[in-house]
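Quick note on the working numbering: the sequence shown kicks off at 7 and runs consecutively. Quick reminder that beta carbons are idealized off the backbone N, C-alpha and C, glycines included. Below is one structure, written out as structure tokens, with a few remarks after it.
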Amino acid sequence: MTNSAFPGLSEAHAVRFAEIALGHVTREYPNVITHFLNGLEDARTPRAMHPIFFGSLDWHSCVHGHWLLARTLRLFPGSPVADRIRALFADSYTPEKVAGELAYFQRPNTGTFERPYGWAWYLLLAAELRRTGMGAVGAAWATALAPLTAEIVGRLKAYLPKATYPVRTGLHINTAFALTLSMAYARRRGDDGLADLITQAAQAWYGGDADAQVWEPSGADFLSPVLTSAVAMAAVLPRAEFRAWFARLLPGVADGQPRTLFTPATVSDRSDGTIAHLDGLNLSRAWCWRAIAAQLDPADPVAIQARAAADLHLADALPHLESDYMGEHWLASFAVLALDGV
């Protein structure tokens, strides 16, 4: 990263983040369950419902904790945590446990379960396991997960054509964030059909955006509605077209405007699960600013502002990944995203 105080994901950072994740991906309680009860028989414990992704307070956080661990293993296969990650995955990605996860998705009234946030993180995990560097064992784990992967890909392909409107919020139902992560999966797996659907959705939802009104942060955001839409467009547009689109979206960026996008959010109570989201906002903004800068000429004043904003947000958030379990169970994944991208 040009002229950045945070040039990328170092092994020291990755090991630190992986240690955090290893401490919570198999921690069943406390747990927040989003669960449709069809009958008394559906009153079950997290582990009974989700044989793999039962930890980390909730399903999606456990999934992206696994992604963090897979990324660490791929980049640093000889690190001090590598064998623990291999043992966890070998125990988790078995046909029996995958069948249990799939059975949950195939229950009645689960069509919106983890849509779209958890779906997108899961697809990023599935793609990570097949990337160069994971080797035959990574491919074997991905093959074991393949039935669940097919289920989630099918759900996303069915959802996008009927989603008339985007969801512009800083929370889990944000559609731009999900499009970006899902596009990374589609391109790595060569799923042109999914990539086309994502491109069509992004252009329909965000292609006409200009002179954006930036009403953020809210008190619950962990994503920037404006910046995530920009990153989604960066994922689907050729570079020159993105540059022209982004200039229309936020014409004052070269002058550091709007100021709120360049100012890290204040986190007043990290034991409050909603307020703690704001540490995640600072990390996800850093990821967005870096992704935007990567589409521009390094000497472009917009790119210079973007890199500086990313560094500022990272410096503010990185010391607080373990301040309380309300952030500890998920923030390290966003730190990896900020430092290493999708």
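Answer yes or no: does any C-beta atom of chain B fall closer than 7 Å to that of residue i?
i      : result
Asp202 : Looking at the structure shown, chain B is missing, and only one protein chain is on hand.
Pick helix, strand or coil for residue i, following the three-state DSSP scheme.
i      : result
Met332 : helix
Val220 : coil
Phe228 : coil
Phe42  : coil
Glu25  : helix
Gly199 : helix
Leu59  : The identity of residue 59 in the sequence shown is Phe, whereas the question assumes Leu. DSSP places Phe59 in coil when its eight states are reduced to three.
Asp275 : coil
Tyr123 : helix
Leu255 : helix
Thr32  : coil
Ala305 : coil
Which residues in the same chain have their Cβ closer than 6 Å to the Cβ of residue i, if we skip the five residues on either side of it in sequence?
i      : result
Ala282 : Arg276, Met332 and Gly333
Ile298 : Ala236 and Ala312
Ala309 : Ala299 and Leu302
Ser62  : His30, Val31, Cys68, Gly71 and His335
Ala316 : Ala292, Trp295 and Arg296
State yes or no: is the C-beta of residue i within less than 7 Å of the C-beta of residue j?
i      : j      : result
Val87  : Ala27  : no
Tyr99  : Ala133 : no
Ala182 : Thr234 : yes
Leu289 : Ala341 : yes
Leu15  : Asp306 : no
Gly286 : Phe228 : yes
Using the C-alpha atoms, what's the distance from residue j back to residue i?
i      : j      : result
Glu247 : Phe111 : 38 Å
Ala3   : Leu46  : A question about residue 3 goes unanswered here, because the residues of the chain that appear run from 7 up to 348.
Leu43  : Arg113 : 10 Å
His178 : Pro122 : 8 Å
Trp293 : Pro153 : 31 Å
Thr272 : Gly225 : 10 Å
Phe119 : His41  : 8 Å
Which residues in the same chain have their Cβ closer than 8 Å to the Cβ of residue i, if we skip the five residues on either side of it in sequence?
i      : result
His56  : Trp65, Cys68, Gly106, Glu107 and Tyr110
Ala76  : Ile91, Phe95, Leu131, Glu134, Leu135, Met140 and Gly144
Ala241 : Leu185, Thr186, Met189, Ala190, Ile204 and Ala208
Skipping 5 residues on each side, what residues in its chain have a beta carbon closer than 7 Å to that of residue i?
i      : result
Val348 : Leu130, Thr186, Leu187 and Ala190
Three-pair Cβ contact test at 8 Å for the stretch 250-261 versus the stretch 211-224: yes
The stretch 258-269 in contact with the stretch 200-211 per 3-pair CB rule at 8 Å: no
The stretch 66-79 in contact with the stretch 19-33 per 3-pair CB rule at 8 Å: yes
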